[in-house]
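**Student:** Let me begin by handing over the structure; questions about it come next.
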Ligand code: X6L
Ligand code: MG
Ligand code: MG
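Numbering (the numbering used here), first residue to last: 798 to 967.
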């Protein structure tokens, strides 16, 4: 059995529903089990900043799927949840990224693991650290907590724990 960490993000309403549906679909797959979930964070958009705030989280999965099969599953779930790719780095119903797969370094045309930019993104590092502070990003030989220590406080301030408001759909 393999352990993978997946990053989830959504910035089109209902954001929380998209995250929950993505997790349900992962769990419905025969060869994937979601074993742990981070808290949900509300995050300032990065890359393309003229868009709504995101909800981001990280999940740990156990899977007998190989990395490319896992990628295909993630892409299929994005599609069935209505993801349309218009603007590069633009709004999405749901984004599912493979961050880590065991402690492997994988470089293929379709897939790079660890996710090549994960060490720069507080919206990935903070929820991942909640699940596994000491996990090492093999391509950088550094733990998530070490990388977070080197992340600017401005980047970290853009990532705030999200609390569901009573009486609202979201
Ligand atoms: C310079 C150039 C600096 C590009 C940063 C950063 C590009 C992140 C793309 C960048 C750059 C990305 C999410 C997001 C995106 C998300 C939040 C991306 C891909 N996805 N912002 N922006 N959460 N908060 O899930 O990650 S687009
Ligand atoms: Mg992404
Ligand atoms: Mg993606």
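Here a beta-carbon is modelled for each residue, glycine too, at the ideal position from N, C-alpha and C.
(1) Under 8 Å by Cβ, that's how I've got residue 816 and residue 891 pegged, so tell me the actual separation to the nearest angstrom.
(2) Assuming residue 819 and residue 874 form a contact by the criterion Cβ under 8 Å, report the distance between their Cβ atoms to the nearest whole angstrom.
(3) Which word fits residue 837, buried or exposed, when buried means at least 16 other C-beta atoms lie within 10 angstroms of its C-beta?
(4) May I ask you to list the residues that DSSP assigns as paired with residue 807?
(5) Please report how far the alpha carbon of residue 959 lies from the alpha carbon of residue 923, in whole angstroms.
(6) Answer with buried or exposed for residue 1042, where buried requires no fewer than 16 other C-beta atoms within 10 angstroms of its C-beta.
(7) In terms of residues, what are the limits of the alpha helix (DSSP H) holding residue 814?
(8) Considering residue 831, what are the terminal residues of the beta strand (DSSP E) in which it resides?
(9) Report yes if the CB atom of residue 800 is closer than 8 Å to the CB atom of residue 869, and no otherwise.
(10) Relative to the alpha-carbon of residue 861, which residue among 920, 835, 917, 824 has its alpha-carbon at the smallest distance?
(11) What residue range is occupied by the uninterrupted beta strand (DSSP E) comprising residue 840?
(12) Any heavy atom of ligand 1 closer than 7 Å to the beta-carbon of residue 886?
(13) Residues in the same chain with beta-carbon distance under 8 Å from residue 942, minus the five sequence neighbours each way, listed in chain order, please.
(14) So for residue 909, helix, strand or coil by DSSP?
(15) Among 917, 938, 920, 893, which has the Cα closest to the Cα of residue 900?
**Tutor:** In short:
(1) So it is a contact: roughly 7 Å between Cβ atoms.
(2) 6 Å
(3) buried
(4) DSSP, once it has assigned bridges, lists 852 as partnering residue 807.
(5) Roughly 13 Å between the two C-alpha positions.
(6) A question about residue 1042 goes unanswered here, because the residues of the chain that appear run from 798 up to 967.
(7) 812–825
(8) 829–834
(9) no
(10) 824
(11) 838–840
(12) yes
(13) 926, 930, 931
(14) Reduced to three states, the DSSP call for residue 909 is strand.
(15) Checked all of 917, 938, 920, 893; the closest Cα to residue 900 is 938.
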